[in-house]
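Enquirer: Sharing a structure below in structure tokens format, with a few things to ask.
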Amino acid sequence: MNDGNPASSAAAPGADELRRQAAEIVQRRKRGLAARHALAPIAEPTPDRARATLAEGRRLFEEGKIAEALIRAEVVIGLAPHGSTVQAEGLILLGDGRLAQGYPQAARAAYNRALHIHPGSAEARLKLADVYRRIHQPQRAIPLYIEVLALIRDPDEAAEVRLDLADTYRAAGRPDAARRVVRISEEVGGLSGTQQVRAARAFLMPDTPVALLLLLIVLALTTWAFREAGALVAFAAFLFGLVLYATIQWWRTPVER
Numbered sequence: 459m460n461d462g463n464p465a466s467s468a469a470a471p472g473a474d475e476l477r478r479q480a481a482e483i484v485q486r487r488k489r490g491l492a493a494r495h496a497l498a499p500i501a502e503p504t505p506d507r508a509r510a511t512l513a514e515g516r517r518l519f520e521e522g523k524i525a526e527a528l529i530r531a532e533v534v535i536g537l538a539p540h541g542s543t544v545q546a547e548g549l550i551l552l553g554d555g556r557l558a559q560g561y562p563q564a565a566r567a568a569y570n571r572a573l574h575i576h577p578g579s580a581e582a583r584l585k586l587a588d589v590y591r592r593i594h595q596p597q598r599a600i601p602l603y604i605e606v607l608a609l610i611r612d613p614d615e616a617a618e619v620r621l622d623l624a625d626t627y628r629a630a631g632r633p634d635a636a637r638r639v640v641r642i643s644e645e646v647g648g649l650s651g652t653q654q655v656r657a658a659r660a661f662l663m664p665d666t667p668v669a670l671l672l673l674l675i676v677l678a679l680t681t682w683a684f685r686e687a688g689a690l691v692a693f694a695a696f697l698f699g700l701v702l703y704a705t706i707q708w709w710r711t712p713v714e715r
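Per the working numbering, residue 459 is the first one in the sequence shown, and the count goes up by one each step.
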């Protein structure tokens, strides 16, 4: 907001001016020229300014102002030192904005560029994996999740990534691998109550004739209990049968890492 102070207006250029600056910086770099002359009338392009613009862009994105956040992302990409972490984070913000607008292919390109600049970015890998799941290419998301697990150290984050990996294995038609990932999560550090509920899905999907037969038996017994003893007994029988089925699925799943 402009408070009427000329100095304040000069310190906060508008969206059109920011876009012009970013485009000019990119063009100058393509021609091998220094970027600072493009901003001579206002300020030198410093990493601090790029970080401040990145923070502003993230705030705008959280507020749902996607178009304005995209402008800030473009400015960050132009202002930040070439190949820097800040430039990669600007590309991630650009990808987030494109994804929010419904352009997953454009988002994928931005996340790939961020990974090219910052190969060790777990965030860029997770965002890219999410895009592949959205466009129904789970097999391409699987190696990205595996790479992220090698990069992060926080146990809670690792547990969430493993559950995402299990979901992706299921989407790729590999329920056996999904169960194995969940079992490894329990062996490594356990899962919280919420995570256990989410992980249970990996053990409920039948993937063999025997598993399908067991599940059909559970359903048949539940139906019989409902007819003979009522809804309450049928519900208890269903829960017992489901737990038994999941336990069998659990113990027949290998845990080799």
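Using N, Cα and C, we set each Cβ at its ideal position, and we do this for glycine too.
How far does the alpha helix (DSSP H) with residue 536 in it extend, from its first residue to its last?
Expert: 524-537 is the extent of the alpha helix (DSSP H) around residue 536.
Enquirer: In whole angstroms, give me the CA-to-CA distance for residue 570 and residue 705.
Expert: C-alpha separation (whole angstroms): 41 Å.
Enquirer: Less than 7 Å between the C-beta atoms of residue 512 and residue 548, yes or no?
Expert: Yes, the pair counts as a contact, with Cβ atoms nearer than the cut-off.
Enquirer: Buried or exposed, going by whether 16 or more other CB atoms sit within 10 Å of the CB of residue 689?
Expert: Exposed, by the Cβ-count rule.
Enquirer: In terms of alpha-carbon separation, which member of 561, 613, 614, 674 lies closest to residue 589?
Expert: Selected option, being the one with the closest Cα: 561.
Enquirer: Since residue 543 is in the alpha helix (DSSP H), which residue starts that stretch and which ends it?
Expert: Its alpha helix (DSSP H) spans residues 543-558.
Enquirer: Residue range of the alpha helix (DSSP H) that residue 515 falls in?
Expert: Start and end: 505-520.
Enquirer: Which complete alpha helix (DSSP H) runs does the region 565-600 hold, if anything under 4 residues is left out?
Expert: Qualifying alpha helix (DSSP H) stretches, in chain order: 580-592.
Enquirer: How long is the line joining the alpha carbons of residue 575 and residue 538, rounded to whole angstroms?
Expert: Taking the straight line from one Cα to the other gives about 12 Å.
Enquirer: Of all the options 605, 587, 606, which has the alpha carbon lying nearest to the alpha carbon of residue 597?
Expert: When only C-alpha atoms are compared, the closest one is 587.
Enquirer: Output yes or no for whether 7 Å exceeds the beta carbon distance between residue 531 and residue 515.
Expert: Taking 7 Å as the Cβ cut-off, residue 531 and residue 515 qualify as a contacting pair.
Enquirer: Check whether the Cβ atoms of residue 617 and residue 579 lie closer than 7 Å to each other.
Expert: No.
Enquirer: Evaluate residue 633 with the Cβ neighbour count: other Cβ atoms within 10 Å of its Cβ, from every protein chain shown; 16 or more gives buried, anything less gives exposed.
Expert: That one is buried.
Enquirer: Candidates 595, 694, 603, 594: which alpha carbon is nearest residue 419's?
Expert: The first residue shown for the chain is 459 and the last is 715, placing residue 419 beyond what the model contains.
Enquirer: For residue 563, count neighbouring Cβ atoms within 10 angstroms of its own Cβ and tell me buried if that reaches 16, exposed if not.
Expert: Residue 563 comes out exposed.
Enquirer: DSSP three-state label for residue 561, please.
Expert: In the structure shown, residue 561 sits in coil (DSSP, three-state: anything other than H, G, I, E or B).
Enquirer: What's the gap between the Cα of residue 630 and the Cα of residue 507?
Expert: Going from the Cα of residue 630 to the Cα of residue 507 covers about 43 Å.
Enquirer: Taking residue 696 as the reference, which of 674, 680, 686, 684 has the closest Cα?
Expert: Comparing Cα-Cα distances from residue 696 to each of 674, 680, 686, 684, the minimum goes to 680.
Enquirer: Measuring alpha carbon to alpha carbon, tell me which residue in 671, 623, 675, 699 is nearest residue 599.
Expert: Out of 671, 623, 675, 699, 623 has the C-alpha closest to the C-alpha of residue 599.
Enquirer: Hey, residue 626 and residue 592 are a contact pair by Cβ (cut 8 Å); roughly how many whole angstroms apart?
Expert: Wrong, their Cβ atoms sit about 12 Å apart, outside the cutoff.
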